[in-house]
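Protein chains in written order, with the numbering used here: chain E, 605 to 785; chain L, 63 to 253. In this text, a Cβ means the ideal position worked out from N, Cα and C, and glycines have one as well. In this text, all values refer to a predicted model and were calculated from it rather than measured experimentally. One structure is given below, encoded as structure tokens.
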Amino acid sequence: MKERFAIIALTFAALLGAPLWRGHASDDFSAVVKVIEQFYHVKHQNLPLLARAGIKVTKTAARIRGGEARRLAEAGSARVAFFEDQEFNSRGRIAGFKAQINGTLVGWSPLIQTLAARDEEQTYIYVRDAGEKFHVLVITIERHEATVVQATVAPGVLAALMKDPNEMGRALTSDATINDN
Amino acid sequence: MKTLFQATLKIASVLMLLVAGAAVTAKAQSAKLQLDQLDYLANKASETVDVKLDERMMQTTAKFLSSSDPDDAEIKELIKGVKGIYVKSFTFEKEGEYSHAEVESIMSQLRSSAWNKIIGVTSKKEGENVDVYLMTVGDQIGGLAVLSVEPKELTVVNIVGPINLEKLSKLEGQFGVPVLNLPPAKPKESK
């Protein structure tokens, strides 16, 4: 009886817990995109097909290390959301937007955040453990466009990111959004 | 009976060490300044930089920096024991965009007995003030804080862990630490 109860309990926990766990892993990206949409009243475009086809998945480390081709992210692990030709205007509440993003990404370490209220330019870089690797989430916003990139990076790349977070964050976004096929 | 006494003594010693360790940790932790109250200045600033590298991130970085690469090896040594790097910098288009209250919110934390001002640079002409504070825990350095107050700029750099001015100057331009151009430290000054 006890065994049966344990099996039922475990099955119930697995059924209940699995989607929650999976949801948590993937939802932060979506949640951030939603915060941007709601705060700025804009709409994003996903790039799933491009990502699967091998959207340029980074050679930033190669630049840093002086030429050796090395990938920042595993193919297919990068997620990108684009906002193009839209108006980003926080109307003097850019700090409130920053607070909302920070509140959404609980469990992530915010490495660097740069904001220029007048031009609406913002960069946010967050990092989170992913077993042997790390998830990096980069948000870049300008007056008329924005990009959200989530990629899985090797620890060595994280170290490079830490040394120069701003530059590496820019490179990550650029590499994840330019198709070099 | 003797064995029981010895065991009790051992446990008491371990407990005392743990308590002492916790006290040192608590003191070391207090080298981290509370800076979030400045965040709303981003609404007025033409440029804001906010860097938060916590202990876990610092350790991860140190772990994966290559010991065979001379540059990496130097940085690895530099950040050894560093428990966090926190930077907040606000640049404004015109003067008077931040008040004395914001500066005071930092200064009040640096007035605690653990912090000692080691450098103070004042330029009356430019209206600039740069102060460097060091926190000592026993005979060890628990952290460092740089407060740079200019008419159109407010910058706070807070490094938690064993750090000195030489290390700080080497960290400038890396890990989000701005270039501070600090003069060399004078012998210990009063606060």
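Contacts of residue i in chain E (Cβ-Cβ under 9 Å)
{"i": "residue 143(L)", "result": "By Cβ distance, chain E contributes nothing, its closest Cβ being about 16 Å from residue 143(L), past 9 Å."}
Cross-strand partners of residue i (DSSP beta bridge)
{"i": "residue 109(L)", "result": "153(L)"}
{"i": "residue 760(E)", "result": "According to DSSP, which records beta bridges pairwise, residue 760(E) is partnered with nothing at all."}
{"i": "residue 193(L)", "result": "182(L) and 209(L)"}
{"i": "residue 755(E)", "result": "740(E)"}
Local conformation of residue i per DSSP, three classes
{"i": "residue 114(L)", "result": "strand"}
{"i": "residue 748(E)", "result": "coil"}
{"i": "residue 102(L)", "result": "helix"}
{"i": "residue 181(L)", "result": "strand"}
{"i": "residue 717(E)", "result": "strand"}
{"i": "residue 165(L)", "result": "helix"}
{"i": "residue 733(E)", "result": "strand"}
{"i": "residue 175(L)", "result": "coil"}
{"i": "residue 644(E)", "result": "helix"}
{"i": "residue 626(E)", "result": "Here residue 626(E) scores only 38 on pLDDT, less than 50, and its place in the model should not be relied on; the value that follows carries that caveat. Helix, per DSSP."}
{"i": "residue 234(L)", "result": "coil"}
{"i": "residue 741(E)", "result": "strand"}
{"i": "residue 136(L)", "result": "helix"}
{"i": "residue 146(L)", "result": "strand"}
{"i": "residue 228(L)", "result": "helix"}
Where residue i meets chain L, residues with beta-carbon distance less than 7 Å
{"i": "residue 718(E)", "result": "110 and 111"}
{"i": "residue 722(E)", "result": "108"}
{"i": "residue 698(E)", "result": "104 and 105"}
{"i": "residue 755(E)", "result": "Neighbours of residue 755(E) on chain L: none; closest Cβ ~16 Å, over 7 Å."}
{"i": "residue 763(E)", "result": "123, 126 and 127"}
{"i": "residue 750(E)", "result": "Per Cβ cutoff of 7 Å: no residues; residue 750(E) is ~17 Å from chain L at best."}
Buried versus exposed call for residue i [16 or more other C-beta atoms within 10 Å across all chains shown]
{"i": "residue 695(E)", "result": "exposed"}
{"i": "residue 714(E)", "result": "buried"}
{"i": "residue 184(L)", "result": "exposed"}
{"i": "residue 710(E)", "result": "exposed"}
{"i": "residue 96(L)", "result": "exposed"}
{"i": "residue 220(L)", "result": "buried"}
{"i": "residue 767(E)", "result": "buried"}
{"i": "residue 702(E)", "result": "buried"}
{"i": "residue 112(L)", "result": "buried"}
Cross-chain neighbours of residue i in chain L, by beta carbon under 8 Å
{"i": "residue 731(E)", "result": "119"}
{"i": "residue 760(E)", "result": "126 and 128"}
Neighbouring residues, chain E, relative to residue i (Cβ below 7 Å)
{"i": "residue 160(L)", "result": "Near residue 160(L) there are no residues of chain E at all, since even the closest Cβ is about 13 Å away, more than 7 Å."}
Chain-ordered chain E contacts of residue i [CB-CB under 8 Å]
{"i": "residue 148(L)", "result": "Going along chain E, no residue has its Cβ under 8 Å from residue 148(L), so there is no contact; the nearest lies around 11 Å."}
{"i": "residue 236(L)", "result": "767 and 768"}
Sufficient close CB pairs (3 or more, under 8 Å) joining the region 142-152 of chain L to the region 234-242 of chain L: yes
Could you tell me whether the region 120-129 of chain L touches the region 193-203 of chain L, using the rule of 3 or more Cβ pairs below 8 Å? no
Do the region 98-116 of chain L and the region 150-161 of chain L make contact, defined as three or more Cβ pairs closer than 8 Å? Three or more Cβ pairs drawn from the region 98-116 of chain L and the region 150-161 of chain L lie within less than 8 Å of each other, which places the two stretches in contact.
Say whether the region 175-189 of chain L touches the region 130-144 of chain L, bearing in mind that this needs 3 or more beta-carbon pairs closer than 8 Å, one atom from each stretch. no
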